[in-house]
Amino acid sequence: PAAAPVGGFTFGSATAPAPAPATSSTGFSFGSTTPASTTPSNPLESKATKAWNVISEGSATLPSSKMVELLQELGENFHGDELNVQIQKCGGDVLEKIKFIQWYVAFCENDDDESVADSEIAEEK
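In our numbering, the protein residues as written are 393 to 517.
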């Protein structure tokens, strides 16, 4: 009989390779331990993903110098210190796709909250 493999357990044929783990084409997920679907789950994620894909040409990272282009693609605009603050939230010197998408969703959701608060204050005056 053949010697038992190191590690102890053998199931099925010893010559069959183990299946490769499943991966998504985007390589990111939002809080899930399973690979992400290729379709973002909400319109803000979709918009941020589309903008990223237009600017990045498929890369999962971008130099921070591309942040202005990403923002323009989204119809947003930051300058100076505020631009630098937003860049840091997306990964710093190297922007990361997942951080950028998460940042954009949070930014839009917070912006909506502030807009509601601003309009309520204006109504009180």
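Beta carbons: idealized from backbone N, C-alpha and C, even for Gly.
Residue i and residue j closer than 8 Å at C-beta
i, j, result
"residue 487", "residue 453", "yes"
"residue 444", "residue 479", "no"
"residue 440", "residue 466", "yes"
Between the CA atoms of residue j and residue i - distance to the nearest angstrom
i, j, result
"residue 482", "residue 446", "17 Å"
"residue 470", "residue 460", "8 Å"
"residue 438", "residue 456", "21 Å"
"residue 496", "residue 490", "10 Å"
"residue 458", "residue 448", "9 Å"
"residue 498", "residue 436", "9 Å"
"residue 484", "residue 434", "25 Å"
"residue 503", "residue 450", "28 Å"
"residue 501", "residue 477", "18 Å"
"residue 472", "residue 442", "25 Å"
For residue i, the residue or residues it bridges with in DSSP
i, result
"residue 487", "454"
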